[in-house]
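So the structure is just underneath, and the comments pick up after that.
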Amino acid sequence: MVLYKVHSQEHRVRYFARPCSSAFLFQIVCIIFTILPPLFTSYFTSGFYYKELSYSEQPSVSFNGKYEIFIDSSSTSLFSSSDAFLNGKLISSYRSSTLRTSIPRDIDGDGLIDQFTITLNIILLESIASTTTNLWLQFQYALSRYPLLNMEALGVILLKAPSSLQNNSTVTIYGQLRLQQRQPLSSNSDYSSIQGSIINYGTYSTVPSFDDILNNYTSRNYYTTFDQNYVQWSSIPSTQQQLTIKIIVNNDLQSIRYIPNYWKEFRWAWIQYITALIPFFYIINKVKEFVFSNGLVRTVIHKSS
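Mapping of the sequence shown onto the UniProt record's numbering: residues 1 to 305, in sequence order.
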């Protein structure tokens, strides 16, 4: 009957056994215990594969010149925007406004905009002391490292004017535009030019519901919020009624959630498996050496000189 090598020791001593013998079955059990426990260990402890990972990227953000301003109090509501259609539909509450400056700055010289300053000026006919101001700023937001993402983004800023505010007032807001994800991005997908415009200008026959627009925007899988860090109000006594809004937007690294591709998961699975396999291989090999060298199972021994 054919003999099969079941173990070798230091390349000088080799152990042979017949199929279905105790030594042969012991060898099969050792192989199973060498392969399967590392697989189960890596799978149930730290996860054999990742369903989701994260990375850091500085997005490309630019202001596209679109804005809406809502000023509300208990007695009046004022509105101004960059869109002539909306201004015409809300003519009774419309106040003239202009985009004075939009200055981008590349602070660290890496070719990406790290900070930009937006200055808006709105002419008023009444005091805005103790009023609430909602400012909508529309940006272009893009990612280019793992998944490609390019979308129109919205930053909503909420301001509460102090009661001591004078006629000629300036408010300065410092903040950051942050990406919010309802689900991770897929590294195999192209999200360029997704989700369309926030407000499709010129398609409304009546005044749009801004509450519905905001609700639809925040219901998207990917949207942005504006994190306000500091707000500073100042006034200069004057006969002119106007409000100057200065927004300083900082654009730094952001943590992006994504689904890794197959090859990245495959490499990570092999790293985990090999790491768990090494100690099991060493232990099982020592057990086999002990069993065969002490004759605990019947084998045919060949020794080479």
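The C-beta atom is built at its ideal place from N, Cα and C for all residues, glycine as well.
Of the listed residues the options, nearest to residue i (C-alpha basis)
{"i": "L179", "options": "P37, S164, D212, R220", "result": "R220"}
{"i": "Q232", "options": "F70, G88, K160", "result": "K160"}
{"i": "T225", "options": "S163, Q242, N251", "result": "N251"}
{"i": "P104", "options": "V61, Y141, S80", "result": "V61"}
{"i": "N215", "options": "I284, V156, W270", "result": "V156"}
{"i": "Y50", "options": "Y94, V249, E265", "result": "E265"}
{"i": "Q254", "options": "S96, P59, D83", "result": "P59"}
{"i": "S80", "options": "T133, T41, S54, D227", "result": "T133"}
{"i": "Q176", "options": "A142, K5, F116", "result": "F116"}
{"i": "L165", "options": "I198, L143, T131, Y146", "result": "T131"}
{"i": "V207", "options": "Y273, S92, S73", "result": "S92"}
{"i": "N285", "options": "F33, L25, S21", "result": "F33"}
{"i": "F26", "options": "E289, I301, S304, K303", "result": "E289"}
{"i": "I128", "options": "S235, F44, D108, F210", "result": "S235"}
{"i": "L148", "options": "S187, R12, S163", "result": "S187"}
{"i": "I122", "options": "K303, P19, S73, T244", "result": "T244"}
Extent of the continuous alpha helix (DSSP H) to which residue i belongs
{"i": "L277", "result": "262-293"}
{"i": "A129", "result": "Careful: A129 lies outside any alpha helix (DSSP H) and carries neither H nor E."}
{"i": "K303", "result": "Not the alpha helix (DSSP H): K303 falls in the beta strand (DSSP E), residues 300-303."}
{"i": "N215", "result": "210-218"}
Per-residue DSSP class, three states only, for residue i
{"i": "P42", "result": "In the sequence as presented, Pro is not what sits at residue 42; that position holds Ser. Helix."}
{"i": "S22", "result": "helix"}
{"i": "K66", "result": "strand"}
{"i": "Q27", "result": "helix"}
{"i": "G109", "result": "coil"}
{"i": "L86", "result": "helix"}
{"i": "I199", "result": "coil"}
{"i": "I91", "result": "coil"}
{"i": "P37", "result": "helix"}
Start and end residues, beta strand (DSSP E) containing residue i
{"i": "K160", "result": "148-160"}
{"i": "N229", "result": "222-236"}
{"i": "T119", "result": "115-123"}
{"i": "N250", "result": "242-250"}
{"i": "Y258", "result": "254-259"}
{"i": "V171", "result": "168-181"}
{"i": "S73", "result": "Note, S73: premise wrong, no beta strand (DSSP E); not H, not E."}
{"i": "Y50", "result": "Taken as a continuous stretch (DSSP letters only), Y50 belongs to no beta strand (DSSP E), as it is neither H nor E."}
{"i": "N80", "result": "Looking at the sequence itself, residue 80 is Ser, so the reference to Asn does not match. S80 -> beta strand (DSSP E) spans 77-81."}
{"i": "R12", "result": "Unbroken run through R12: none, as it is neither H nor E."}
Buried versus exposed call for residue i [16 or more other C-beta atoms within 10 Å across all chains shown]
{"i": "T76", "result": "exposed"}
{"i": "L135", "result": "buried"}
{"i": "T275", "result": "exposed"}
{"i": "S42", "result": "buried"}
{"i": "Y262", "result": "exposed"}
{"i": "V171", "result": "buried"}
{"i": "S96", "result": "exposed"}
{"i": "F139", "result": "buried"}
{"i": "residue 306", "result": "For residue 306 there is no data in the structure shown, the boundaries of the chain being 1 and 305."}
{"i": "T223", "result": "For the record, residue 223 in the displayed sequence is Tyr; it is not Thr. It is buried - the Cβ of Y223 has at least 16 other Cβ atoms within 10 Å."}
{"i": "K66", "result": "buried"}
{"i": "E152", "result": "buried"}
{"i": "L124", "result": "buried"}
{"i": "Q240", "result": "exposed"}
{"i": "V287", "result": "exposed"}
{"i": "I247", "result": "buried"}
{"i": "S70", "result": "At residue 70 the sequence reads Phe, which differs from the Ser that was named. The residue is buried, with at least 16 neighbouring Cβ atoms inside 10 Å."}
{"i": "Y282", "result": "exposed"}
C-beta neighbour in chain D for residue i, strict 7 angstroms
{"i": "S81", "result": "This model lacks chain D altogether, as it is built from one protein chain only."}
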